[in-house]
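Residue numbering for the sequence shown follows the working numbering, starting at 538 and increasing by one per position.
Glycine residues also receive a C-beta, built at the ideal position from the N, C-alpha and C atoms.
Report on the structure given below.
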Amino acid sequence: MITDPISDMLTRIRNAYMVKKAKVCIPYSNMKYAIAKILATEGYVSGIEKLDVGFGEICLSLRYDRDGSAITNIRRISRPGRRSYSGYRFLPRVRSDHGIAIVSTSQGIMTNREARKRKLGGEVLCEIF
Numbered sequence: 538m539i540t541d542p543i544s545d546m547l548t549r550i551r552n553a554y555m556v557k558k559a560k561v562c563i564p565y566s567n568m569k570y571a572i573a574k575i576l577a578t579e580g581y582v583s584g585i586e587k588l589d590v591g592f593g594e595i596c597l598s599l600r601y602d603r604d605g606s607a608i609t610n611i612r613r614i615s616r617p618g619r620r621s622y623s624g625y626r627f628l629p630r631v632r633s634d635h636g637i638a639i640v641s642t643s644q645g646i647m648t649n650r651e652a653r654k655r656k657l658g659g660e661v662l663c664e665i666f
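Printed below as a string of structure tokens:
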């Protein structure tokens, strides 16, 4: 049984990049799908595909640059044992806004830049750069 499914998703993505896989499939949930859409929008993965096999899966097509993987580091911030909440003024700036933080707000899951524009705070789920 997985106690932290978001952390499991991020670890699967990190491990797939480390062994230079083209695709990685993860179990489906609405939150994971929203995070995957943000990764695709920001250009960290080249595509997402929702499969209705069994309980459902999300397959991410990983993107590589000439320097290596598109994601240098992916880190979970808010964990089940220690939640991390921030107001919109105190949302993290990941690598001087070259990276993103994914935030769960009252209006959905979005990047730290978008949450700052909308003046929304929330739970900081992870940082990606």
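Rounded separation between residue i and residue j - CA only
i      : j      : result
Asn649 : Ala607 : 19 Å
Val590 : Cys562 : 11 Å
Val609 : Ile665 : In the sequence on display, residue 609 carries Thr and not Val. Answer to the nearest angstrom: the Cα atoms are 8 Å apart.
Ser583 : Arg619 : 32 Å
Gln644 : Ser615 : 18 Å
Ala577 : Ile539 : 25 Å
Ile630 : Glu651 : A quick correction: the sequence has Arg, not Ile, at residue 630. Roughly 12 Å separates the two Cα atoms.
Tyr622 : Ile639 : 12 Å
Lys574 : Pro617 : 23 Å
Asp545 : Gly580 : 21 Å
Val661 : Leu588 : 28 Å
Pro564 : Ile543 : 10 Å
Arg626 : Leu657 : 9 Å
Secondary structure of residue i, DSSP reduced to three states
i      : result
Glu651 : helix
Ser641 : strand
Met547 : In the sequence on display, residue 547 carries Leu and not Met. Leu547 falls in the helix class under three-state DSSP.
Ile575 : helix
Lys569 : helix
Pro542 : helix
Expected contact under 8 Å - CB spacing of residue i and residue j to nearest Å
i      : j      : result
Leu547 : Arg613 : 6 Å
Gly624 : Thr642 : Actually they are not in contact, since the Cβ atoms of Gly624 and Thr642 sit about 11 Å apart, beyond 8 Å.
Arg653 : Leu628 : 6 Å
Ile611 : Arg551 : 5 Å
Met568 : Ile646 : 7 Å
Return the chain-ordered ranges of every beta strand (DSSP E) run that is complete within the region 577 to 619 and spans a minimum of 3 residues.
582 to 588, 594 to 599 and 611 to 613
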